[in-house]
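Reviewing the structure listed below.
Numbering (the UniProt record's numbering), first residue to last: 1 to 393.
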């Protein structure tokens, strides 16, 4: 192994075909490793280090350095300062360390770590692992199947193409999977999570999160916190989980679960299935033929006003639950009829004895009255029971 050493001046160092130990020391140095598995250190100053052929170790040292790993399985450490580090064709490990660094993996399955500072990280080609560590970092997986960790700070992450996994970590993160079937976890903080294209699994975890499924059939969970969940396109499964959530299906035949506490579920377009589960929930099927089940608690079922919309309400309890009208419908527009045939226990709600609006399963038409309806355009009262004199009409 040859020792190729500079001094405190601006040095231009070129390695040998053998493994070299190269040290620039002080000054703004330019170091070329050539062939062999070299160890190259810039020392103080603004340095440029090129690994060359072989599995090299590049160390920027102090100040704002440029490191290029080139061929081989290389290790690159920026050190203090705002460094720019590029990986090359091999499976490289790039670490920014202190400072606001820019790290680019290029081809190969790379491990890229920002460490401290506000770092910008791009994986490039290959199945890369990106870690922001401390600071508010921007991480882009680019192509292939990447694993992205925001870690600490308010991070921005994008999977790019491929089937990616993104974990936000601490802080209020914004993560999108890009194209492909992605897995996204917000973890701590109030996160914004986007599936974009592909059949994605997204879990907000802790915090008050916003979750967007995007295109294709997605599985979306709010986790803990007061979350807002949008299925957007295709047939999605949406789970509010804990706390008071807003769950909106969007276009497609969606399945919505409120979970614990007081949730608002809106199916929007498509033939949707809504289950409020625990708590005092508001369920609005929207367009299409929807199935609504309030579950436990004092629930409100909002009947659709648009043409072609029908709600099948499985568990309306006149002693606990309420009905509400959307659009310009009023109670005077409605007619209540007892179903005949096999479903004789059900009540049909029609508009002007003409258009079917809703079916109340196992509810006699004779017990439905105006006091079963409330106005959801106003805040709902905290009812101890349905008949306390607090009805909102």
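We put the CB at the ideal spot given by N, CA and C, even for glycine.
Annotated as distal: residue 14 and residue 40, with beta-carbon spacing of 8 Å or more. For the options 354, 73 and 46, the alpha carbon positioned closest to that of residue 57 is the one of 73. Around the CB of residue 268, 16 or more other CB atoms lie within 10 Å, so the residue is classed as buried.
Around the beta-carbon of residue 337, fewer than 16 other beta-carbon atoms lie within 10 Å, marking it exposed. In the displayed model, residue 290 falls within a strand according to three-state DSSP.
In this structure, the beta-carbon distance from residue 222 to residue 211 falls below 8 Å.
If you ignore the 5 residues before and after residue 236, its C-beta comes within less than 8 Å of the C-beta of 213, 217, 218, 219, 220, 249, 250, 252, 254 and 255, all in its own chain and listed in chain order. At a Cβ-Cβ threshold of 8 Å, residue 274 and residue 285 count as neighbours. Nearest Cα to residue 325 within the set 272, 114, 28 and 370: 370. Residue burial is scored here from C-beta neighbours: residue 76 has at least 16 other C-beta atoms within 10 angstroms and is therefore classed as buried. Within the same chain, 221, 222, 223 and 259 come within 6 Å of residue 241 by CB-CB distance, once the 5 residues on both sides are set aside. Sequence-distant Cβ neighbours of residue 352 in its own chain, meaning closer than 8 Å and more than five residues away, are 333 and 335. Excluding residues up to 5 positions away in sequence, 15 and 52 lie with their Cβ nearer than 6 Å to the Cβ of residue 34 in the same chain. In the same chain as residue 82, and ignoring 5 residues on each side of it, the C-beta atoms closer than 7 Å to its own belong to 64, 99, 100 and 101, in chain order. Beta-bridge pairing by DSSP links residue 131 to 113 and 149.
Annotation for residue 219: the continuous beta strand (DSSP E) segment containing it runs 219 to 221. Of the other Cβ atoms in all chains shown, 16 or more fall within 10 Å of the Cβ of residue 232; this residue is therefore buried.
In the three-state DSSP reduction, residue 331 falls in the helix class (H, G or I). In this model, residue 96 and residue 299 are separated by some 53 Å (Cα to Cα). Check the Cα spacing between residue 201 and each of 163, 228, 137 and 21: the tightest is with 163.
With a cutoff of 8 Å on beta-carbon distance, residue 93 and residue 111 are scored as near each other. Residue pairing for residue 118: DSSP places it in no beta bridge. When the five nearest sequence neighbours on each side are left out, the beta carbons in the same chain lying within less than 6 Å of the beta carbon of residue 310 are those of 289 and 356, in order along the chain. Comparing alpha carbon positions, the residue from 54, 144 and 30 closest to residue 47 is 30. In this structure, residue 168 and residue 150 form a Cβ contact; the two beta carbons are roughly 5 Å apart against a cut-off of 8 Å.
Residue 209 sits close to residue 190, with the two beta carbons spaced by under 8 Å. For residue 22, the uninterrupted beta strand (DSSP E) run begins and ends at 20 to 23, by DSSP.
In the same chain as residue 215, and ignoring 5 residues on each side of it, the C-beta atoms closer than 6 Å to its own belong to 197 and 233, in chain order. Residue 283 is positioned such that its CB atom lies no closer than 8 Å to that of residue 305. Apart from sequence neighbours up to five positions away, the residues of its chain that approach residue 127 with a beta-carbon distance below 6 Å are 109, 144 and 145, ordered along the chain. Taken atom to atom, the span from the alpha-carbon of residue 181 to that of residue 11 is near 49 Å. For the options 129, 115 and 86, the alpha carbon positioned closest to that of residue 137 is the one of 115.
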